[in-house]
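In this note's numbering, each residue carries its 1-based index in the sequence shown increased by 1026. Using N, Cα and C, we set each Cβ at its ideal position, and we do this for glycine too. This structure is a prediction, so every number in the text was calculated from the model and none was measured. Here's the structure we're looking at; comments come further down.
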Amino acid sequence: MRFFLAAGRFLVLMALLSGLSGLVPALAQSAADSVETPPPPKRELRGMWIATVANIDWPNQRGEAPEQYRREYRRLLDAGQRAGLNAVFVQIRPASDAFYKSDLEPWSKWLTGVQGKAPADGDDPLPFLITEAHRRGMEFHAWFNPYRATMDSVTRRLAATHPYRRHPEWFLRYSGQLLYNPGLPAVRDHITRVILDVVRRYDIDAVHFDDYFYPYPEAGQVFHDEAAFRDFNPDSLKKVADWRRQNVNILIHDLHDSIQATKRWVKFGISPFGVWMNKSKDFPQGSDTRAGQPSYSNLYADTRLWLEKGWIDYVVPQLYWSSNFRLCPYPVLVDWWAKNHFDRHLYIGHGTYRMLESTRSDTTWRNPRELPRQIRTNRATDGEAVGSVFFSAKSLLTNPLHTTDSLQLDLFRYPALVPTMPWKDAIPPLPVANLTLRRLSHYVTLNWQSGPPAADGDAATYYVLYRFEPTEASSPNDPRRILALPRPAPGFPATYVDTTAVPGQAYAYYVTAVDRLHNESRPMRVITTGQQLAELAVGQAPGGVPRPASPAVATQPALATPRPTIRLNAPTDKPEASAQFSKIKIKEKPAKKKGFFARLFGGG
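Structure, rendered in structure tokens:
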């Protein structure tokens, strides 16, 4: 950027000295264009972790009535929506317990106050948690802790339905906690059963693990899995470390295959400790860092292998250090993960909670510019790091150092679609049907219906509504032109009322359909000239033939959208409703062969 500014000033000065005054405006404009701020990414996952263990984020207290914990959850989601997020990672199994109805494990004490006690009125919170996220256009990632069984070693308070009561041989005590023994095949089978039970019965978007696999080593503590190493070591591995990594690898591999076979659209992601291995003579593939407990050697979690083998769909390394932290600098680690995610999605875990601490070890977190700097670092990786997840939800809600304001007003000001996963689904849905536009004064109402299912059976899950001015070149890449992301209930038509349309102004609206894995269809377009008091226009494919409107569009009930819907038969609309509509017909010249995006949106 500095080069372009200097070059522009130099050329302007030379033009002045040589008397070429007519060249100055053009050169100045060229220099200005060269430093124009690029549009924000159209596709970027933006999420937050909602931790339930010890009631870190939600619910606020144990034993709350369902209406109370529902109200608190909505408040968290509303804050995330205002900040521009499109995903939530909710901890539904913090310690071999459940925030949902389960025949395999007991109700969580952090939900009801007593482990095994059901919520009032037989409430099952999970369908509500998922539905509220989807209503706000957010993916729901169900967060499981696979191996933690308790947060203490007091077993007398465990519910009768806790697995420890039936299989105490599955567990080991370590550092004041009860942990599953990862070396036992029966343990892996149980964990897989628990997770697949949720995948089958609930409409989740992803299965998510955090960084806890084998426990973080502590001085003076020994994880006594010698018997399992002796009895369940079919490959006769000599080193306990290699055997432990194999145990975790088997769980990850088998879970990946089982989830894919159960529901092909459900993702599987891991959020490991931020350093896989420090670079050394033994591990030249590691990062140039000096972390004390790398995940490969200390937690026996070989995340890099899982990415290389395609056993996980995304990784969210917990890079909770600042840009200036000398042992593990944030930019160094982003660069390492950008080179080692093997074409699976890379999102970055940000330690926003650090801004609420009075830490002396990493004081850069006290600078309100640090979090925006980190997000810009991600975006500078040329599409390698395609998202951010913040720990945790309360650190967004409290708006530390006004950084949530910064997200809302700047970095996340415009909406973003979740990046696609072509290895899971690369088939876009079919275009929308029966797109119509009705304009009464400055209100523009658009109606459309889902097209038929695509070749893979997928229909539209939500839609993208773009708005352009007639002289503006249309592009699917600029989120600044996204007006809304409507998500009507399945089977219902969509309605959107543009209350921001300027009277007398012409607009071109484009509507695309998006499936469960965020593949986007070809657009349908409809244009309003703004020259008549009332207009009625029918949508068409750019460069194609207009589609006839269906009477069903007008008779089906309209759904709630991100903006207030204006009913055309409301009393305030009666004078305009009686006006004669002007139907706009749009003639298209034969389309020339264009590039991909020009073909998608039909050029300008």
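#### Entry: Which of helix, strand or coil DSSP assigns to GLU1195
The three-state reading of DSSP puts GLU1195 in helix, counting H, G and I together.
Close beta carbons around THR1329, own chain, < 7 Å, minus the five adjacent residues each side: Cβ neighbours of THR1329 within its own chain (closer than 7 Å, five residues either side excluded): ILE1296, PRO1298, TRP1302, SER1321 and VAL1341.
Q | Extent of the continuous alpha helix (DSSP H) to which GLY1073 belongs | A | It is not in any alpha helix (DSSP H) - GLY1073 instead sits in the beta strand (DSSP E) that spans 1071–1076.
If ASP1231 and PHE1166 are in contact, beta carbons under 8 Å, what's the gap, nearest whole angstrom? Contact between ASP1231 and PHE1166 holds: their C-beta atoms lie close to 5 Å from each other, under 8 Å.
**Asked** What's the gap between the Cα of GLY1089 and the Cα of GLY1073?
**Response** So the two alpha carbons sit approximately 27 Å from each other.
Got a sec, what are the start and stop residues for the beta strand (DSSP E) GLN1117 sits in? Taken as a continuous stretch (DSSP letters only), the beta strand (DSSP E) holding GLN1117 covers 1113–1119.
I'd like to know if the region 1352–1368 and the region 1435–1442 are in contact, where contact means that at least 3 CB-CB pairs between them fall below 8 Å.
Cβ pair count under 8 Å is below three, so no.
Quick check: what's the CA-CA separation for ASN1350 versus LEU1423?
Those two C-alpha atoms are separated by around 26 Å.
For the beta strand (DSSP E) containing ILE1453, name the first residue and the last one.
That residue, ILE1453, is in no beta strand (DSSP E); it is neither H nor E in DSSP.
Worksheet entry | Given GLN1475 as reference, the closest of THR1487, ARG1256, SER1467 and LEU1466 once Cα atoms are compared | With distances taken between CA atoms, GLN1475 lies nearest to THR1487 out of THR1487, ARG1256, SER1467 and LEU1466.
### Query
Is there contact here, the region 1286–1293 with the region 1202–1221, by at least three beta-carbon pairs under 8 Å?
Touching, no, given that fewer than three Cβ pairs across the two stretches are closer than 8 Å.
**Report entry** Rounded C-alpha distance that separates ALA1267 from PHE1249
**Finding:** ALA1267 and PHE1249: Cα-Cα distance of roughly 12 Å.
Worksheet item: What runs of the beta strand (DSSP E), each 3 residues or longer, lie entirely inside the region 1387–1464?
Response: Counting only runs of 3 or more, we get 1411–1416.
Review point. Buried or exposed: which applies to GLN1247, given that a residue is buried once 16 or more other Cβ atoms fall within 10 Å of its Cβ?
Key: With fewer than 16 Cβ atoms within 10 Å of its Cβ, GLN1247 is classed as exposed.
TODO: Going by CA-CA distance only, name the one from ASP1504, ARG1219 and PRO1343 that's closest to ASP1129.
DONE: Relative to the Cα of ASP1129, the nearest Cα in the group ASP1504, ARG1219 and PRO1343 belongs to ARG1219.
Ordered along the chain, which non-local residues of its own chain (more than five positions away) have a Cβ less than 6 Å from that of ALA1575?
With a pLDDT of 38 at ALA1575, under the threshold of 50, the modelled position of this residue cannot be trusted; read the value that follows with caution. For ALA1575, the CB contacts under 6 Å within the same chain, skipping 5 residues up- and downstream, are ASN1460, THR1462 and VAL1564 in chain order.
Worksheet entry | Minimum C-alpha distance to VAL1213 - residue among TRP1169, ARG1174 and ASN1304 | Ranking the options by Cα distance to VAL1213, first place goes to ARG1174.
May I have the straight-line CA-CA distance separating LEU1333 from GLY1142, to the nearest angstrom? Each residue's Cα considered, the two are about 37 Å apart.
- Task: Quick one: residues in its chain with C-beta nearer than 7 Å to the C-beta of PRO1189, no 5 flanking neighbours on either side, listed in chain order?
- Result: A distance below 7 Å between beta-carbons, with the five flanking residues on each side excluded, links PRO1189 to the following residues of its chain, in chain order: SER1122, GLU1131, TRP1196 and HIS1216.
| task | Could I get the ranges of all uninterrupted alpha helix (DSSP H) runs contained in the region 1098–1174, with 4 residues as the minimum, in chain order? | result | Correct list: 1135–1138 and 1151–1161.
(message) Taking the beta strand (DSSP E) that LYS1293 belongs to, which residues open and close that run?
(response) Going by DSSP, LYS1293 is part of the beta strand (DSSP E) stretching over 1293–1296.
ask   = Between which two residues does the beta strand (DSSP E) carrying THR1521 extend?
value = For THR1521, the uninterrupted beta strand (DSSP E) segment begins and ends at 1520–1524.
Given ALA1532, which residues of its chain have a CB within under 8 Å of its CB, disregarding the five upstream and five downstream residues?
Excluding sequence neighbours, ALA1532 sits near GLU1495, PRO1496, ILE1553, THR1554, THR1555, GLY1556 and GLN1557.
Exercise. Return the Cβ separation of LEU1543 and THR1446 in integer angstroms, given the expectation that the two are a contact with Cβ distance under 8 Å.
Key: Their Cβ separation, rounded to whole angstroms, is 6 Å, which keeps LEU1543 and THR1446 in contact under 8 Å.
I need the straight-line Cα distance from ALA1567 to PRO1549, nearest angstrom please.
Distance between the alpha carbons of ALA1567 and PRO1549: 6 Å.
query = Does the beta-carbon of ASP1388 have 16 or more other beta-carbons within 10 angstroms, so that it is buried, or is it exposed?
reply = A buried status is given to ASP1388, since no fewer than 16 other beta-carbon atoms sit within 10 Å of its beta-carbon.
Taking only beta-carbon positions, decide if ARG1191 is within less than 9 Å of chain B.
In summary, chain B is missing from the structure at hand, where a single protein chain is found.
Could you please give me the residues that DSSP links to HIS1544 through a beta bridge? HIS1544 is not bridged by DSSP to any residue.
(request) Within the region 1196–1243, note down every full alpha helix (DSSP H) run reaching 4 residues or more, in order along the chain. (result) Correct list: 1211–1227.
**Prompt:** Hey, is LEU1491 close to the ligand COA, as in C-beta under 8 Å from one of its heavy atoms?
**Reply:** In terms of ligand content, the structure shown is empty, and the ligand COA therefore cannot be addressed.
Exercise. With 16 other CB atoms within 10 Å as the buried threshold, where does ALA1146 fall?
Worked result: Exposed, because fewer than 16 other Cβ atoms sit within 10 Å of the Cβ of ALA1146.
Residue closest to ASP1361, alpha-carbon to alpha-carbon, out of MET1381, TRP1337, ASN1404 and SER1262: Comparing Cα positions, the closest option is ASN1404.
Margin query: Using CA atoms only, rank isn't needed, just tell me which of ASP1178, ARG1162 and ASN1273 is closest to LEU1204.
Written below: The shortest Cα separation from LEU1204 among ASP1178, ARG1162 and ASN1273 belongs to ASP1178.
Quick check on this structure: which residue in PRO1505, GLY1106, LEU1184 and ARG1101 has the alpha carbon closest to the alpha carbon of VAL1140? Ranking PRO1505, GLY1106, LEU1184 and ARG1101 by Cα distance to VAL1140 puts LEU1184 first.
Note to self: Quick check on DSSP: helix, strand or coil for MET1303?
What the structure shows: Collapsing the DSSP output to three states places MET1303 in coil.
| If you draw a straight line from the alpha carbon of ASP1314 to that of PRO1085, how long is it in whole angstroms? | Just so you know, the alpha carbons of ASP1314 and PRO1085 end up roughly 39 Å apart.
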